[in-house]
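In what follows, a single structure is set out as structure tokens and then discussed.
If you want it as structure tokens, here you go:
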């Protein structure tokens, strides 16, 4: 027999876990994409030394498990005097992780901008920063927007791992509830549905944002 | 008084010697057509004049100022040298109006109202005033190229460089772009064009420069040069294009 009603008394736990997951997702999505944008710009247009630094960062993160990155930041860094709360460690780990993956995605967008666009800006007298912001970024992000938003959702789902360092996110709530009432089936099913709902909501939000950002595609 | 001066300009791409000592002196108000086979260095020459390409020897001055590829210098140069490309290179995410207003607002720091007035006047000049709010992709190639001309003109350049600006256009659209150029020439704008439009070079141009193997092979009054070529290379070229 299944007893979903047994979960009702823990609805506060689930809601607070959901809130933590949403907060961390929003924050790390913004910070991660900013980090990725900066790194992709350096990787595409920077000098050789700075390109290499970014490459090392990207490959280091993309070729190691997220949970190891998280454990290193939370358990490892105190050894060199950096004590971080579980929440801070998670925030940093998620941002660094999304930053690395989005670097590669955004770089593909930057690479798709023709040299002619950059030259046109140059001969009009725009400096490089103005060219990036006014001429390159919008069409570049438009091209890779679906890939980038998918990556953000992957990171949101991957954030379940941070319950392992006792951040009280949605997965932590599920673990807690099923350890109290032993309703593992119900508890994890509800949690899975909550993640699913969150993913769908995020997709809607990203689509709406995309329509606003790239409005010129659909207008006159 | 020369507006654009090239003195013994040499340009190499690695081992490839593209420009082999170019001397050229262009006065304000001249319409100079540079013709020649592909690979003769004519586009490279144009790109050296506004700092898009580096040259290794010799000197180029525009309005008395030396041309280098240094970023800051390129930007200062952009104020007196406008350039139009074969592929238009309009910014796809901006309306026609925004394309024309961009540089005046952020480079010349004009107010929005002032930049808009300039943009509308320039679009009027190229016959596209009604397209102010359209996006480039909704325009024909000829219209896009005219917007590119308006965008360059909005910076009030002293000289306009045109790099094969009708080569990407359908034949029936070439005329509308050339008409705009003709009008600019009449108004006294200095034009340097890399072109295959021999009729335009003959009827509107004040000088033709024939380039061959990285050198100025023959130059002079268009009617004389084109109807009475002195060198075998130009004769051969004229035979091929006509």
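Protein chains in written order, with this note's numbering: chain A, 687 to 906; chain B, 1138 to 1379.
We treat Cβ as the ideally placed atom computed from N, Cα and C, and that holds for glycine.
- Proximity of residue 734/A to chain B, defined by a Cβ-Cβ separation below 8 angstroms, is not satisfied.
- Close to residue 864/A, with beta-carbon spacing below 9 angstroms, lies no residue of chain B; the smallest spacing is near 50 angstroms.
- Neighbourhood of residue 1243/B in chain A, by CB distance below 8 angstroms: 812, 816, 820, in chain order.
- The continuous alpha helix (DSSP H) containing residue 708/A extends over residues 697–731.
- Residue pairing by DSSP places residue 1203/B opposite 1198/B in a beta bridge.
- The beta carbon of residue 1188/B sits closer than 7 angstroms to those of 1204, 1205, 1206, 1210, 1211, 1214, all from its chain and outside the five residues before and after it, given in chain order.
- As the crow flies, the alpha-carbon of residue 1158/B is around 55 angstroms from that of residue 715/A.
- In terms of Cα proximity to residue 886/A, the closest of 787/A, 842/A, 855/A, 763/A is 842/A.
- Assignment of alpha helix (DSSP H) within the stretch 1319–1353 of chain B, counting only whole runs of 4 or more residues, yields 1335–1340 in chain order.
- Look at residue 728/A: its C-beta is not under 8 angstroms from any C-beta on chain B.
- By the CB criterion at 8 angstroms, residue 1238/B and residue 1256/B fall inside the cutoff.
- With the criterion set as a beta carbon lying under 7 angstroms from some beta carbon of chain B, the members of the stretch 782–807 of chain A are 802, 803, 805, 806, in sequence order.
- Contact check between the stretch 1170–1180 of chain B and the stretch 1323–1333 of chain B: three or more CB pairs, one atom from each, fall below 8 angstroms, which counts as touching.
- Judged by DSSP secondary structure, residue 1275/B falls outside any beta strand (DSSP E); it is assigned neither H nor E.
- With a contact defined as Cβ atoms closer than 8 angstroms, residue 1182/B and residue 1160/B miss out at about 11 angstroms.
- Distances from the CA of residue 1352/B to each of 1140/B, 1146/B, 1364/B were compared; the closest alpha carbon is that of 1146/B.
- Of the candidates 1165/B, 1180/B, 1164/B, 1180/B places its Cα closest to the Cα of residue 1155/B.
- From the listed residues 788/A, 821/A, 771/A, the smallest Cα separation to residue 1236/B is found for 821/A.
- Put simply, of 1243/B, 1216/B, 1363/B the residue whose alpha carbon is nearest the alpha carbon of residue 1294/B is 1216/B.
- By the Cβ test, the stretch 783–803 of chain A is not in contact with the stretch 855–865 of chain A, since fewer than three Cβ pairs between them sit closer than 8 angstroms.
- Between residue 831/A and residue 785/A, the CB-CB gap reaches or exceeds 8 angstroms.
- In terms of beta-carbon proximity, residue 825/A lines the interface with chain B, with at least one pair separated by less than 8 angstroms.
- The Cβ neighbour count for residue 765/A, taken over all protein chains shown within 10 Å, is under 16; the residue is labelled exposed.
- Under DSSP, residue 692/A forms no beta bridge with any residue.
- Contact between residue 1240/B and residue 1260/B does not hold, since their C-beta atoms are separated by about 14 angstroms, which reaches or exceeds 8 angstroms.
- Within the DSSP bridge table, the entry for residue 1139/B names 1164/B as partners.
- Interface residue (Cβ-Cβ distance to chain B less than 8 angstroms): residue 902/A is classified as such.
- Contact annotation: residue 1148/B and residue 1190/B have beta-carbon atoms nearer than 8 angstroms.
- The three-state secondary structure of residue 1360/B, taken from DSSP, is helix.
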